Each structure stands twice: as structure tokens, then as C-alpha cells.
Amino acid sequence: MARAFTPKVVTANLLIEGDAVWFTARDTWSGDIADAELMTDEAHASLRLLEAQAQQNVIAGAYLADAVAGKNGPETTHFREAFRTRGPSNYAHGKQVEINV
Amino acid sequence: MYKYNDFDEAFVRERVAQFRAQVERRIDGSLTEDEFKPLRLMNGLYLQLHAYMLRVAVPYGTLNAAQMDMLAHLAETYDKGYGHFTTRQNIQYNWPQLKDVPDMLSDLADVGMHAIQTSGNTIRNVTADHFAGAAADEVADPRPVAELLRQWSTDHPEFQFLPRKFKLAVTGSENDRAVIKAHDIGIQIVQQNGVIGYKIIVGGGLGRTPMIGKVINDFLPQADLLPYVEAIVSVWNRLGRRDNKYKARIKITVHEHGIDEIRRLVDERFAQIRPTFSGVDQTILREIEAQFAAPAFKVVSTDGFEATRMANPAFRSWTDTNLTAHRADGYAIVSISIKKHGATPGDATADQMRVMANLACRYGHDELRISHEQNVILPHVHKSDLAKLYSELRAADLATANIGLASDIIACPGMDYCALATARSIPIAQQIATRFDELKIEHDIGALKIKISGCINACGHHHIGHIGILGLDRAGVESYQITLGGDHTETAAVGERAGPGFSADDIVPAIERLVYGYMELRNDPEETFLAAYRRLGAAPFKTILYPEEKADAA
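Chains A and B, in that order, are what the protein sequence lines are. Read left to right, the first sequence gives residues 5 to 105 (this note's numbering). Read left to right, the second sequence gives residues 563 to 1116 (this note's numbering).
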């Protein structure tokens, strides 16, 4: 039996800067996962991924990542995706100190 | 040192121009990401977790001061003020913007450097013994051969779409510091009855399926090197498993077909292609060798060196750990540790790079090396200059006296940067080094190689660490598996898995327990961790790592 679908967000990296970004319900990209559209329907998520991938001039490498609804919006469920919302742990670089989007 | 000729210069410039146009077309939308990705990978540009990453080759680990200065310039201008030296003698920039990368490559071309074939299924940067040209135990300098191989492999039309990546390493010494037995092809320069030739090792590699390379040819005549290496790559190019990328490396091909069958096929292919080599490669090799002539070593007294050593305990400690015997009288090989306790292994700031470049100019015959152990080497320093050198290193926070000790840890970038990683490795390295520094025991522990990888691809060489640590994702939590008894030298061995993994909180105490346990077990302080492990086997070390399990079983 196929695995039950778990809620997802679309995430990618900005084409020029390389920053991690998340796809919003308004078809824009945000540097904050809380702004992302959380999708609970598999068919809808697949469609949104295609729409996100079509923005070739803005982003690269879009994919679906697991997320859950949090107090302020979607939150990550896995440490890899959590690191992408913050930046590396060895220096105060990346999102933990600067938001470009 | 090798200086680009007109051909090299034109080739690298042309590649920069091509890539500049490709980046422009990607940005203006003419190229999709799927179209652009193989083009950027051909030029060492990855897309990682937080940003792009540019991997620049330091061919056979050799740099001059102007090149190191340029690496500093790149770090400062296009990145966040630092660079990361890797286990394959490359430097990685973690934060470049796509639009700047052509400028970075153009700057690199100004000093005879590039990022070509630092990624993709091609022949990668040819690495070499980081003490090449300086080591007292060397038969011949491996760098001319490495440069010849670089020229031969760059844009080689037959080898641009290999089944998988392909890595070569060369050493000129019996004491292997280039990890040749864990490369697709390892080359050792040897001497028989006064004649120089090559011992060729094939099918080594780490990663998912670690293998120690096997000798395919004991003594290959010098003039046969390129056709023979070409025959090996050619046989593998045909036989290599393109159906399964996890089985595509030559180590699997050698394993599946057997070394004797591979040798037979290589000999057959070699017989076909040998006549097509006119000997021009040997003419080129002679020209390259001339460029690697040893510097004019000075002859002056070393008396001041011994006097300062006696007078200054910190200097003495540094000379005890960070110097290696040089082949020229009065000289030493200096290893500059970029593994300060608590710092990121292999990272150097732009300022530190400039200091090292400047020191190389003034005290080191304008030469630097990058080691696969992620340190920087000044290969030729006269002992009379060491005290001055040391005080300047101290001022730049580069005088850590820990080469070969517990805190001289190899660590890959792990999940702090790498898109392939399954766990972080840098924080574990930082914590282990900090802990051993707090305990003030690393000089008592003695020679110890701890190597950490953040995934099974093993960029952190964990399989061949005396203590290896592999970071994994276990049900959504970082978990660290320990291997014991690995060896990266001429007596290479793959470490044995000790048992279940440890959590991020438990791994550092486990390593501490293991090291204290070893100190109890060893015959005397001269018996290294590896020697004790080989004498006693894994059992007592497993008992130290998993005390509760033993108690439960009792």
C-alpha cells in the first residue's frame, strides 16, 4: 500500500543568490518557511510543484519537503530542512543573521 | 612550480568565457536548470543547502604565494571572508552568488588556477603527497607526473562521460601520505636497480563500499605511464556499471571481475594504444620536471634554532608536532595547523591565507601545499627562520601545535553545508577538539587520526581513521557510528564498525571514553592507538564503548 501523504511545502534555492526559499500561495518566494503554502492534498502539491518549477528565472532545484502547521505558519519536521531555515551551525552566517527575501 | 604555457592559458581563458556566456543564458532564461546543471558542474559549481558552492582545484596540492593571495581575494570579495580546504586538495567557497562565479574563475585564471573537472563524472583533481619535493624519504617528486596526468585528463574526449567520477593520487615515497590505496588509481614512484618506474594500484575507494586498492602492476616503465593509465580508464569506461551509480566506481568493477581479469584486459588494451603514443608525453614530462626543480636551498647555521627551542617551551612543543624531516640539510617541512581547537577543520580566513602567503614568500621559497588532512604546509623552511616564522604564525592564530594529534581531525562540511549529507560533522569535530584541549591530554594520547564524514560518501575519510565517525540520519535524528582501526597509509586498512550509533549528545563522551580506555590498555606511551588496536583486536575497545551491554550480558 502506498504511504499516506504527509503535508508538504515547496522549497527551492534562489537562482542568483542560492538562498533557501519557500513557495507561497501567491506564487511568490519567501525566505521564511512560515509564509509558505502548506499543502495537504497530494494532487494539489504535485501541481504546485510544477507551477513552482516553472519559475526557472527565479529559482533552481524546487522540491516538496515535509512540513507541519505551526503557530505562525508551516514548520519543518526534519533537521535537514530546519537547517535550511537557519544556516550553518559553525558560523553566524545565512538566514540566522540575514534574510534576503 | 609549473607555470601555464600559452596553450594552458588560452584553454582556461576560453573555458571562463564559455561559462560566462552559459551563466548569462541561465540568468536570462535561455537555459533551464536541467540544461545548465551539467555545465556548472563541469566548472565546479554546486548548489548546496544554503547557497552555491564553488570548488577550486589546487592541483597536487601545490600553490605559490600569489595563488594563495588570490584565494584570499576570492574569499573576501565574493564570499564571507573564508575558504574551506578539502580532503582532495581543493578549496571550497560556500557562499558565492551565481552572477559572480565567472569573475571568480577569471581571477583564478590570472594566477594559473581553475575549477575544471572538480565535479562530474570525469577524472578529478590529481592529488599528491603534500610533502612532495621536500620529504626526506622520497624517491622522486610526484608532482611532475601529477601535472602530466592533469594535462592528459583535462577535457580528454574519451573520458568526459565516465560511468562515475575517477580519482588519481600520486606519491613518490614508500610512506604513503597521499592515501593512494583509497583512490581509483594510486601511483607510487618506485626505484628498481637505479631505474625509476611506477607501482600502479587500482580499485581503491571509500564511500558506500570501501575497498583497499590492489596492485595491478608492480613496476611500470616511465614511458608507459599515460598509455597504461589510459588503458585502465578505458577498460573501466567500457565495463563500469552505468546501470547503478552505487556500483559504477572502478572498485566495484575490479571486485566483480577480479584483479587478474582486469589486468588481462588492461594489458590487451594497452597493447593496442601504446603504439599511438609517440613519446611526446615524455618530452612534455621532461619540460614539466624542469619547472619543478628544487629551490636554491641556503646553507647557514641552525644553532639559533636549538637555542630558541630550549628557551621557549611553546615553540618547542610546536616544533615537536608540526615539523617533518626535510631532504635538505638545515631545512624543515612546516605544517601549519588550520585546526585550532574549536575551529572548523580546514577553514582559513582571507587574512590567514594572506599571512601564510606572505610567510611562504619570506621564509618558504614561495611554496605552499594543501594536505588531504586539511592543513597548509610550508614545504621548505630553513631552521634558522623557524622562530621568526612561529611568532608570526602565533600572531595570526595559526600556531596550534596539534599536527597528527587527536584534535587534528578531518571533517567534511557535513549537513552544515552539503546537500548530500545525512548529519552534521563540523560541530562534532569542534566539540571533540575542544574537549581534548580542556583535558590537556592530547600530547599524552600521541598519534591519533580521527576522521568524520557526514554521510556514507566518506569525504571525511572515516573508514581510514584510527577512529572513524560516520554521521547518519536514523529516523529523523542525527546518529553517529564509530569505526575502529582504519589506516590511511601504506598499511591501509578499512576500519571495523564498533556497534550501534551514538546520539549527537553521546558521541563526544564516547570518544573520550574510548581514548581514555586506550591509554589504560596500551603497553606503554609509545604504543599508538592503532598499534594497540591491532595487538588487542576490537573486543576491549567495544567493551569500553558499550559498557552497559556487557553488564547486561553478564
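The beta-carbon is built from N, C-alpha and C at its ideal position, and this holds for glycine as well. Keep in mind it's a predicted model, so treat the numbers as computed, not measured.
Using the DSSP secondary-structure output, state which residues sit across from residue i in a beta bridge.
{"i": "residue 646(B)", "result": "654(B), 909(B)"}
{"i": "residue 685(B)", "result": "728(B)"}
{"i": "residue 1064(B)", "result": "1042(B)"}
{"i": "residue 1030(B)", "result": "1013(B), 1045(B)"}
{"i": "residue 783(B)", "result": "759(B)"}
{"i": "residue 33(A)", "result": "27(A)"}
{"i": "residue 750(B)", "result": "733(B), 761(B)"}
{"i": "residue 776(B)", "result": "764(B)"}
{"i": "residue 1035(B)", "result": "1040(B)"}
{"i": "residue 617(B)", "result": "654(B)"}
Please confirm whether residue i has its beta-carbon closer than 7 Å to some beta-carbon of chain A.
{"i": "residue 753(B)", "result": "no"}
{"i": "residue 906(B)", "result": "yes"}
{"i": "residue 978(B)", "result": "yes"}
{"i": "residue 1038(B)", "result": "yes"}
{"i": "residue 581(B)", "result": "no"}
{"i": "residue 1116(B)", "result": "Because the pLDDT of residue 1116(B) is 48, which lies under 50, any placement of that residue in the model is unreliable, and the number read from its coordinates should be weighed accordingly. No - not a single Cβ of chain A is within 7 Å of the one on residue 1116(B)."}
Residue i versus chain B: which residues are under 9 Å apart at the beta carbon?
{"i": "residue 19(A)", "result": "588, 589, 595, 660"}
Residues of chain B with a CB under 8 Å from the CB of residue i: which are they?
{"i": "residue 88(A)", "result": "611, 612"}
{"i": "residue 23(A)", "result": "612, 613"}
{"i": "residue 65(A)", "result": "595, 609"}
So residue i and residue j are in contact, right, with Cβ under 8 Å, and what is the actual spacing, rounded?
{"i": "residue 44(A)", "j": "residue 11(A)", "result": "5 Å"}
{"i": "residue 973(B)", "j": "residue 1041(B)", "result": "Not quite, the Cβ-Cβ distance comes to about 17 Å (not below 8 Å), so this is no contact."}
{"i": "residue 1139(B)", "j": "residue 677(B)", "result": "Nothing about residue 1139(B) can be reported from this structure: the residues present for chain B run from 563 to 1116 only."}
{"i": "residue 1063(B)", "j": "residue 1045(B)", "result": "That pair is no contact at about 11 Å."}
{"i": "residue 762(B)", "j": "residue 774(B)", "result": "Wrong, their Cβ atoms sit about 14 Å apart, outside the cutoff."}
{"i": "residue 712(B)", "j": "residue 688(B)", "result": "5 Å"}
{"i": "residue 595(B)", "j": "residue 60(A)", "result": "6 Å"}
{"i": "residue 802(B)", "j": "residue 725(B)", "result": "3 Å"}
{"i": "residue 727(B)", "j": "residue 745(B)", "result": "That belief does not hold up - the Cβ atoms of residue 727(B) and residue 745(B) are roughly 11 Å apart, past 8 Å."}
{"i": "residue 778(B)", "j": "residue 828(B)", "result": "7 Å"}
Helix, strand or coil, according to DSSP, for residue i in the structure here?
{"i": "residue 796(B)", "result": "helix"}
{"i": "residue 890(B)", "result": "coil"}
{"i": "residue 46(A)", "result": "helix"}
{"i": "residue 903(B)", "result": "coil"}
{"i": "residue 24(A)", "result": "strand"}
{"i": "residue 1025(B)", "result": "helix"}
{"i": "residue 859(B)", "result": "coil"}
{"i": "residue 597(B)", "result": "helix"}
{"i": "residue 931(B)", "result": "strand"}
{"i": "residue 1116(B)", "result": "Unreliable placement is indicated for residue 1116(B), whose pLDDT of 48 sits below 50; the coordinate value is still reported in the next sentence. Three-state result, residue 1116(B): coil."}
{"i": "residue 1075(B)", "result": "helix"}
{"i": "residue 12(A)", "result": "strand"}
{"i": "residue 78(A)", "result": "strand"}
{"i": "residue 735(B)", "result": "strand"}
{"i": "residue 790(B)", "result": "helix"}
{"i": "residue 1087(B)", "result": "coil"}
{"i": "residue 846(B)", "result": "helix"}
{"i": "residue 570(B)", "result": "helix"}
{"i": "residue 985(B)", "result": "coil"}
Determine whether the Cβ of residue i lies closer than 7 Å to any Cβ atom of chain B.
{"i": "residue 92(A)", "result": "yes"}
{"i": "residue 60(A)", "result": "yes"}
{"i": "residue 82(A)", "result": "yes"}
Going along chain B in order, which residues have a C-beta closer than 7 Å to the C-beta of residue i?
{"i": "residue 98(A)", "result": "612"}
Closer than 7 Å by beta-carbon distance: list the chain A residues that pair up with residue i, in chain order.
{"i": "residue 642(B)", "result": "97"}
{"i": "residue 986(B)", "result": "93"}
{"i": "residue 654(B)", "result": "By Cβ distance, chain A contributes nothing, its closest Cβ being about 13 Å from residue 654(B), past 7 Å."}
{"i": "residue 853(B)", "result": "Within chain A, no residue comes near residue 853(B); the closest Cβ sits about 38 Å away, beyond 7 Å."}
Whose Cβ in chain A lies nearer than 8 Å to the Cβ of residue i?
{"i": "residue 989(B)", "result": "93, 94"}
{"i": "residue 992(B)", "result": "94"}
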